[in-house]
Structure formats: C-alpha cells, structure tokens
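Visitor:
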Amino acid sequence: MNYTFHWYPAFKLLPKMLIGSITTIEVAFLSILFGIIIAAILAIAKNSKNKIFSSFASTWIEISRNTPALYQIYMAYFGLGTFGIYVGSFGALLIGITFNNAGYLAEIFRGGLRAIPSTQMKTARSLGMNFIQSFIYIIFPQLFRIVFHSIANQTVWAILMTSLGVIVGMNSDLMGVTNELNSLSFRTFEYFLLAAILYYLITKLFLGSAFLINLKLFRY
Amino acid sequence: MNFMSEFSLNDFLYMTKGLGVSITLTLWAVFFGTLMGIIFGFVRSVVGFFLNFIIGSILDIFRSVPLLIQLILANALSAILKFGYSPFQISCIVLAVYTSSYVSETVRSGLLSVPIPFRRSSRSLGLTYFQTLKEIIFPLALRVSFPSWVGITLGVFKDTSLVLWIGIIELLKSSQIIITRTQEPLLILSIAGILYFTVSFCFTRVTGMIEKKWEKYEL
Amino acid sequence: MINIIDVYKSFGKLQILKGINMEVKKNKVHSILGASGSGKSTLLQCINGLEKIQKGRILVDGIEVGDKKTNLNFLRTKIGIVFQQFNVFPHLTTLENVTLALKVVLKKRNKDAKEIALQQLEKIGLSDKINTYPSKLSGGQQQRLAIARALAMSPSYMLFDEITSALDPMLVGEVLDALRYLKNDGMTMMIITHEIRFAKEVSDKISFLHEGVVIESGAPKDIIDNPKETETIKFLERSLK
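Shown next as structure tokens:
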C-alpha cells in the first residue's frame, strides 16, 4: 500500500467542518419544522370527506414515499425552473427534504390519531369545548406523545439526507464543505471519514437530547 | 412554450436501461443484505446483553452515517488498497451492508416478538431447539418482520439513486444526462418519477398479495 | 325538562332510532334499559348534539338541539354526560381534568376553577388523588373523576351511558353510590344501565328500548315487576338471572 494517511490536515479543517455542521442542522431542523406543519394539514386533508383535499393529500404522500429523496431534490432544483422559480442548492435541498418529510410525517400523524380513542374528542366536545379547544388541549398533547419517537427518527433521517445537497451544488453544509476541501487536496478518505464521525456524533447527540426531552415531558 | 419535444424513444430506452441498473443493484443488495441481516439478527437475539450491544452498535453506525459518505469512503478505500473493484461492485457491497443493518433490527425484533408460550408448548411437545426454530419461531417471526422488510427493500431501491455520485448511470443520472441535452427537466423527471413509482407500486402490490395469503392462517 | 319528540336517527342505511318519544322532567331520574344495539347510547348522544338526528325534535329547556342557530357548545355546558370508558384525559392530573373545561369553556379564573374542582372532588371522594394521573387510578376512581368533572360545570342535566359496564364488579358499588348521592341532591338524570335492581331503586321512570323503539315505559315497579311486552320480559329474565 503506497498510500499514507495524513490525518493532521484533516483535523486542521475541523473548524470549517463544524461550521458546515451548523448549516446541516439548520436545514434538517427547518425541514422538520415545515414538514410537521404541512404533514398536520395533509393528515387532516387525507382524513377529510372532501375528495379534492383527500386526493391532493394522498398524491403528495404517495409521491414522497415512493420516489427517492434525491429525486425530489432534483425536482425542486431542475423542475421548478420550468415555472420560472429558480431556487439555489440550499433552496432545492430544503424544499426536497421538507416535501419528503411531510409525506412520511403525515402517515405518522394519521397513525397516531387512530390510536387516540374517539371518546376523547366526544368528551371534550360534551364539556362544551369547540373543535379547536378540544384539539389543542386534549388531542394534540396525546398525539405528540405517541408520535414523538417517530418524529425523532424522521429528524435523524433528515439530518442524514442533507448530505444529498452536495449533488446539486451545496457547499455550505457539512457534506458540501468536506467535498470542497476534498477537491482541493484529494485526501478523500481522511476528510470524509472525519465527516462521517461528525454526522455520527450529531445524530447521537440529537437522539440523546430527544430521549431526555421525552423523559421530562411524558411523565404520565 | 414549444410543444415539440426533443425527447425520443431512444432517450426513453436509455432511461429504462438506467432503471435496469437501479433494479439490478437493488436485487444484489437486498439478497446479500437480507442474508447477512438474518444472520446478524438471529445472533443478536440469542447472545447476551454485552455482545448484542457491541454488534448492535457497529451495525448502528451504518444507519447513522449518510449513505453517500459510505459510498465515497468505500470507493476511496478500494482505490487506496488497490482492490480494483468496479463502482458497481462497491455499490453492491455498501448497499448490502447498509441493508443488513436494517434487516438485522427487523429480524431481531421479529424473533423476539414470538410469544414465549409458543416456544414452551413446542418444546413440551418434544420438538428439539432447532425444530422449534424452524417450524414455529421462524415462520411467525417472518410474518411479523415481512412488512418492515418490504419497506427496507423499497428504501434500498430509492437509495440506489445515490450511486450516481461514484459514476454509475442509474435512472436518475440517465435522466440528468438527457435533461442536459434537451433542457426539458419537468418532462423527463416526470417520466423518471413514473418509472420509480411504477416499480415501487408493483412491488408493493405483489408483496401485499403474499401478505394476504398469509392472513388466511391468522389466529 | 328534556323533550324527545318522534326522533329518527340512522347511520347511513342502518336505522338506529325509529321514532322515540320521551319526556324527562326536572329533578327526576329516568332510566333506559335495553339490549346492546337497541339505540340507547345513540339516543343519549343525540341529546347533546354529538349525533345528528334525521327526523324529529329534541328540546332541552325549550332550546331545540337540532336548530342551526343553537349554540351547541353553550348548551353542552348545561348537559353533563359520562361515557362507559376512556373518559378521563390521561395526560392531565385529576385536578387538571376537572379545571380544564372550567377555565377554557366557562372562562373561570384559575383560583375559582381550582376551588370548584376541589369541592366536587371532595364530594366524590377523590380529595387525596388530586395530583395523581388517571393511569394510577382504579376504574371506579376514574369514573368518579369523570362524574366530578361533568358536575363541576354545574349542569342542569346529567346523562350516564352504562358507566359501570366496563368496571370490575368490586368497583361498581362506589360509582352507584355517587349516583344515589346525586339523586338525593335533586339532579335531573338519564341513566342507561344494566344494573336492573339499581334502576328500580333510584328511578322515577323506566323506559325499555328495543330495536330503536320504546316498547314499554312507566314506573319502576310496573316495568320491572310486571313487564307486559314479550321483549321486556325476555330481557329482564336474562338480566336478572
């Protein structure tokens, strides 16, 4: 083997990678936040009796779950241009992952709603609460507990998916930064191994925090 | 907007070739990945806590690092160690290991989900440990794990899109190549989407029928 | 007074209520007996508007339940209902279960809501459990919590939908005691129950429902001891075995 591993240059670039990690976490969290909001709407739409709403929601959910995430990012990057909407790599990555998250989370929400007995809603309404009050005080807290674990998993997925941004030109997230540095010196293995370790740590840190939050919030 | 498309039948065939590559990769990865996953899953379900934790943690690494990086690292490592594997072979190996990580989880929980009373009554009837495994536990565990396995397989099929980064022309890359020429991203991507969807849909249908057949033996 | 006039209710093609007529006078206890599927629960849920009727009218203190102009949320504060199971809100403590609607619907201040809640919980015998989560309460305690929660709203009417059917036999007694207590307080109640002896003891009137129609109705002694209709006789025979 004629290759010598040069680890020191890799470590020198750690600061840049860490800054890139911040962008990675940013994109992931934004995509989950928007994803949750859209997913809630999709879940309600799919369950509604209105055929237009339910078909729209079904279509979104099916497309997001049956096509690759990279495909969805491509659609945002290349496809939106046809409508005159030019989003950069950041935008395409965010839109693509959000679209994907929304579909998966919608199904998670629907499953969670099914797990809550219908008497909960009935009882809340019987006490005089309107639909919104019933949802905020009774349904949502219970739903949140049921889907918490799944949302945490989806967030991990989103964090890892941000790495796809580099394929459409992202250079500000962890993957993009690593890729750029790589093209300057071709220490591919060392650099990407370091990036891999960073992704691993980010993922584990996140899951650890989620676990602690879970303990704190759901004591009943 | 010009309605005359430059997209020709040749282009479509080119895309289906790419789809063929994606499917082939998926088949190899799922085959070996499932095999390995079953072994890992079984081992994990029978060994003690410590060993289970170690094996589990190692497999977990493959689920906690982006697949793209795994492909890049494997590719780089292969070049460094002068293994001389083609990108296709590397992709198969990486995807197989990736798959095995998920399958081992599914298999392990499937095996553990078989209620202890079943094992007990089986042994009480005189079946040996291995007979119990073969006739009782595995079939039941299979029923439980099957839906997850379907999900994993579909996931791998979609993840094959990533191998374009190490130079393989699968469906998405072939689409991109055509887009560069004809500048009709929406049309071509829509066709690619339909292709992905169709394969996914057919697979779900077929496995759904298998599940339905099993439902007839439901308790 | 609750007036149920010629009420018809169906779920899709399935006709559940086929012309119900009933009157529940103030301070009286009206029990409803019948086999499963006879429409009892549906009837109760039509009274507070949870289910919509297709034909007929339901009037509560003169207010028509089915009228579009009726403020259902307000009407529901006047009607308390307790269901068979999974009533209580699992993510709230006993106290919070009771104070929630007081604060959110009746817009009571924190202090006032807490006072009212503590009062009701004491009456029902749950003072020592106010900060406990329902998962730690027995079935009987949960049902009593549900009753206290409904009572805290100061309703004019209380509806009970088989509230002891899902309970361990040991726990039924404490819940029935609560109902006896309510009756003595003068609460107007409609009770769906399978506890025939209890119904005979507390009711001023009993109606027997069979396949969506009131077959027989009258004083407890008449219905229970001298049933006239075959279906009533069959039902009572089975239930009192």
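Chains as they are written, first to last, in the working numbering: chain A, 1 to 220; chain B, 1 to 219; chain C, 1 to 241.
Quick reminder that beta carbons are idealized off the backbone N, C-alpha and C, glycines included.
Indicate the three-state DSSP secondary structure (helix, strand or coil) for residue 156 (chain A) in the structure shown.
Guide: Position 156 of the first sequence, counting from 1, holds the residue named residue 156 (chain A). Of the three classes helix, strand and coil, the one that applies to residue 156 (chain A) here is helix, per DSSP.
Visitor: For residue 92 (chain B), count the other beta carbons within 10 Å of its own beta carbon; 16 or more makes it buried, fewer makes it exposed. Which is it?
Guide: Numbered from its first residue, the second sequence carries residue 92 (chain B) at position 92. So residue 92 (chain B) ends up on the buried side.
Visitor: Once DSSP output is grouped into helix, strand and coil, what is the label at residue 6 (chain C)?
Guide: Within the third sequence, residue 6 (chain C) is the residue found at index 6, counting from 1. Three-state DSSP puts residue 6 (chain C) in a strand.
Visitor: Report buried or exposed for residue 46 (chain C), applying the criterion of at least 16 other Cβ atoms within 10 angstroms of its Cβ.
Guide: On the third sequence, position 46 is the one that residue 46 (chain C) refers to. Classification for residue 46 (chain C): buried.
Visitor: Give a yes or no on whether the minimum CB-CB distance between residue 126 (chain A) and chain E is below 7 Å.
Guide: Of the chains in the structure shown, none is chain E; the protein chains are A, B and C.
Visitor: Which residues in the same chain have their Cβ closer than 8 Å to the Cβ of residue 1 (chain B), if we skip the five residues on either side of it in sequence?
Guide: Locating residue 1 (chain B) in the second sequence gives position 1, counting from the first residue. Because the pLDDT at residue 1 (chain B) is just 48, under 50, the model does not fix this residue reliably, and the point stays unresolved.
Visitor: Taking the CB atoms as reference points, tell me whether residue 110 (chain C) and residue 79 (chain C) lie closer together than 7 Å.
Guide: Your numbering for residue 110 (chain C) matches position 110 in the third sequence. Your numbering for residue 79 (chain C) matches position 79 in the third sequence. Cβ atoms of residue 110 (chain C) and residue 79 (chain C): not closer than 7 Å.
Visitor: My understanding is that residue 98 (chain C) touches residue 152 (chain C), with C-beta atoms under 8 Å, so please give their C-beta distance in whole angstroms.
Guide: The residue given as residue 98 (chain C) occupies position 98 in the third sequence. The residue given as residue 152 (chain C) occupies position 152 in the third sequence. Indeed they touch by this definition, with Cβ atoms about 5 Å apart.
Visitor: Does any CB atom of chain A fall closer than 7 Å to the CB of residue 185 (chain B)?
Guide: Reading the second sequence from its first residue, position 185 is the one you call residue 185 (chain B). Interface residue, yes.
Visitor: Using alpha carbons as the reference points, say which of A:4, A:200, A:102 lies closest to residue 46 (chain A).
Guide: Taking the first residue of the first sequence as position 1, residue 46 (chain A) is located at position 46. Of A:4, A:200, A:102, the residue nearest in Cα terms is A:102.
Visitor: Mind checking who residue 72 (chain C) pairs with in its DSSP beta bridge?
Guide: Within the third sequence, residue 72 (chain C) is the residue found at index 72, counting from 1. Looking at the DSSP assignment, residue 72 (chain C) forms no beta bridge with any residue, so it has no partner.
Visitor: In chain A, what lies closer than 9 Å to residue 61 (chain B) by C-beta?
Guide: Residue 61 (chain B) sits at position 61 when you count from the first residue of the second sequence. The answer, in chain order, is 196, 200.
Visitor: With residue 152 (chain B) and residue 192 (chain A) assumed to form a contact (beta carbons below 8 Å), what rounded beta-carbon distance in angstroms separates them?
Guide: By one-based count along the second sequence, residue 152 (chain B) stands at place 152. By one-based count along the first sequence, residue 192 (chain A) stands at place 192. Rounded, the Cβ-Cβ distance is 25 Å, inconsistent with contact.
Visitor: Taking DSSP as the reference, what is the three-state secondary structure of residue 1 (chain B)?
Guide: The residue given as residue 1 (chain B) occupies position 1 in the second sequence. Its pLDDT being 48, under 50, residue 1 (chain B) is placed unreliably by the model, and nothing is read from it.
Visitor: Looking at the strands, I want to know which residues DSSP matches up with residue 18 (chain C).
Guide: Within the third sequence, the letter at position 18 stands for residue 18 (chain C). Paired residue(s): C:8.
Visitor: Would you identify the three-state DSSP class for residue 92 (chain C), choosing helix, strand or coil?
Guide: Counting from one through the third sequence, the residue named residue 92 (chain C) turns up at place 92. Note: residue 92 (chain C) maps to coil in three-state DSSP.
Visitor: So the beta strand (DSSP E) residue 157 (chain C) belongs to, where does it begin and stop?
Guide: Walking along the third sequence from the start, residue 157 (chain C) turns up at place 157. First-last of the beta strand (DSSP E) with residue 157 (chain C): 157-161.
Visitor: Near residue 129 (chain C), which residues of its chain fall below 6 Å by C-beta distance, leaving aside the five closest residues on each side in sequence?
Guide: Along the third sequence, one-based indexing puts residue 129 (chain C) at 129. For residue 129 (chain C), where only same-chain residues beyond five positions count, the Cβ hits under 6 Å are 94.
Visitor: Would you list, in chain order, the members of the region 156-176 of chain B that have their beta-carbon closer than 9 Å to a beta-carbon of chain A?
Guide: From the region 156-176 of chain B, only 157, 158, 159, 160, 161, 162, 164, 165, 171, 172, 175, 176 have a Cβ closer than 9 Å to chain A.
Visitor: By the three-class DSSP mapping on this structure, what secondary structure does residue 106 (chain C) have?
Guide: Within the third sequence, residue 106 (chain C) is the residue found at index 106, counting from 1. The answer is coil: DSSP assigns residue 106 (chain C) none of H, G, I, E or B.
Visitor: At 7 Å on the CB atoms, spell out the chain A contacts of residue 101 (chain C), in chain order.
Guide: Here the question's residue 101 (chain C) lines up with position 101 in the third sequence. Those are 127, 128, 129, listed as they occur along chain A.
Visitor: Taking residue 161 (chain B) as the reference, which of B:59, B:201, B:20, B:47 has the closest Cα?
Guide: In the second sequence, counting from the first residue as 1, residue 161 (chain B) sits at position 161. Closest by alpha carbon: B:20.
Visitor: Pick out whichever of B:164, B:159, B:193, B:172 has its Cα sitting closest to the Cα of residue 27 (chain B).
Guide: As a position in the second sequence, residue 27 (chain B) is number 27, starting the count at 1. When only C-alpha atoms are compared, the closest one is B:159.
Visitor: Look up residue 234 (chain C) in the DSSP assignment and say whether it is helix, strand or coil.
Guide: Taking the third sequence and counting its residues from 1, the one referred to as residue 234 (chain C) is at position 234. Three-state DSSP puts residue 234 (chain C) in a helix.
Visitor: Looking at C-beta atoms only, is the number of pairs between the region 30-41 of chain A and the region 144-155 of chain A that lie closer than 8 Å three or more?
Guide: Yes, they touch.
Visitor: Where DSSP assigns a beta bridge to residue 88 (chain A), which residues make up the other side?
Guide: Here residue 88 (chain A) refers to the residue found at position 88 when the first sequence is read from its first residue. In DSSP, residue 88 (chain A) forms no bridge with anything.
Visitor: Compare the C-alpha of residue 214 (chain C) against each of C:61, C:26, C:231 and name the closest.
Guide: Along the third sequence, one-based indexing puts residue 214 (chain C) at 214. Measuring from the Cα of residue 214 (chain C), the nearest candidate turns out to be C:231.
Visitor: Would you mind sorting residue 188 (chain C) into buried or exposed? The rule is 16 or more other CB atoms within 10 Å of its CB.
Guide: Within the third sequence, residue 188 (chain C) is the residue found at index 188, counting from 1. Classification for residue 188 (chain C): buried.
Visitor: Since residue 33 (chain C) is in the beta strand (DSSP E), which residue starts that stretch and which ends it?
Guide: Within the third sequence, residue 33 (chain C) is the residue found at index 33, counting from 1. Here the beta strand (DSSP E) through residue 33 (chain C) covers 29-34.
Visitor: Does the beta carbon of residue 132 (chain C) come closer than 7 Å to any beta carbon on chain A?
Guide: Translated into positions along the third sequence, residue 132 (chain C) becomes position 132. It does not; no Cβ of chain A falls within 7 Å.
Visitor: Give a yes or no on whether the minimum CB-CB distance between residue 66 (chain B) and chain A is below 7 Å.
Guide: As a first step, residue 66 (chain B) is located in the second sequence; it is residue number 66 there, counting from the start. Judged by the 7 Å Cβ criterion, residue 66 (chain B) is in contact with chain A.
Visitor: According to the neighbour-count rule (16 or more other Cβ atoms, all chains shown, within 10 Å of its Cβ), is residue 87 (chain C) buried or exposed?
Guide: Stepping through the third sequence from its first residue, residue 87 (chain C) is reached at position 87. Buried is the call here.
Visitor: Is residue 138 (chain A) close to chain C, meaning its C-beta is less than 7 Å from at least one C-beta of that chain?
Guide: Looking up residue 138 (chain A) in the first sequence gives position 138. For residue 138 (chain A), the answer is yes, since a Cβ of chain C falls inside 7 Å of its Cβ.
Visitor: So with Cβ pairs under 7 Å, would you call residue 216 (chain A) a contact of chain C?
Guide: For this step, residue 216 (chain A) is matched to residue 216 along the first sequence. Judged by the 7 Å Cβ criterion, residue 216 (chain A) is not in contact with chain C.
Visitor: Are the beta-carbon atoms of residue 227 (chain C) and residue 236 (chain C) separated by less than 7 Å?
Guide: Taking the first residue of the third sequence as 1, we reach residue 227 (chain C) at position 227. Taking the first residue of the third sequence as 1, we reach residue 236 (chain C) at position 236. Yes, they are a contact pair.
Visitor: DSSP on residue 169 (chain B), reduced to helix/strand/coil?
Guide: Position 169 of the second sequence, counted from the start, is the residue given in the question as residue 169 (chain B). Here residue 169 (chain B) sits in coil by DSSP.
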